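**Student:**
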Amino acid sequence: MVDILTWFASLSCIVAALLVSLNAGAKWSGLGFLIFSLSSAAWVWASTMQEEAPLALQNIVLLGINLFGVYRYLWQPARSQKSKRMREATS
Numbered sequence: 009m010v011d012i013l014t015w016f017a018s019l020s021c022i023v024a025a026l027l028v029s030l031n032a033g034a035k036w037s038g039l040g041f042l043i044f045s046l047s048s049a050a051w052v053w054a055s056t057m058q059e060e061a062p063l064a065l066q067n068i069v070l071l072g073i074n075l076f077g078v079y080r081y082l083w084q085p086a087r088s089q090k091s092k093r094m095r096e097a098t099s
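Under this note's numbering, the first residue of the sequence shown carries the number 9, and numbering increases by one thereafter.
Below you can see the structure in the form of structure tokens.
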């Protein structure tokens with residue numbers, strides 16, 4: 009089970025890094041951060057099973073950072089566009 013988790017975490021991290029580095033827009037970067045979040049969660053799970061506290065702690069922090077990236081790139085722009093449309097409609 010741990011082998012599957014670590015391989016998933018490693019490969020998904022590579023895919024996420026590629027998506028974020030493409031700078032292809034907010035949706036792609038947000039998807040990259042979402043995949044980074046899954047990767048971090050898998051690392052936390054695997055490192056906890058292996059009793060690797062430093063790796064678990066590192067990925068708990070990275071999970072928080074990655075979730076902020078998901079918020080920033082997937083949820084926040086939608087709200088900003090909605091606010092912009094509302095301001096334009098009232099002008």
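Don't be surprised by glycine CBs; every beta carbon is placed ideally from N, CA and C. All values reported here derive from a predicted model rather than from experimental measurement.
(1) On the criterion of 16 or more Cβ atoms from any shown chain inside 10 Å, does W15 qualify as buried, or is it exposed?
(2) Quick one: measure Cβ to Cβ for L13 and A54, integer angstroms, because I've assumed they're closer than 8 Å.
(3) Which residue's Cα is closest to the Cα of K35: T98, E96, A97 and G77?
(4) Tell me where the alpha helix (DSSP H) around D40 begins and ends.
(5) W15 lies in the alpha helix (DSSP H); which residues open and close that run?
**Tutor:** Judging by the given coordinates:
(1) exposed
(2) 4 Å
(3) G77
(4) One point to set straight first is that residue 40 is Gly, not Asp, in the sequence displayed. Run containing G40: A34 to M57, per the alpha helix (DSSP H) assignment.
(5) V10 to L30
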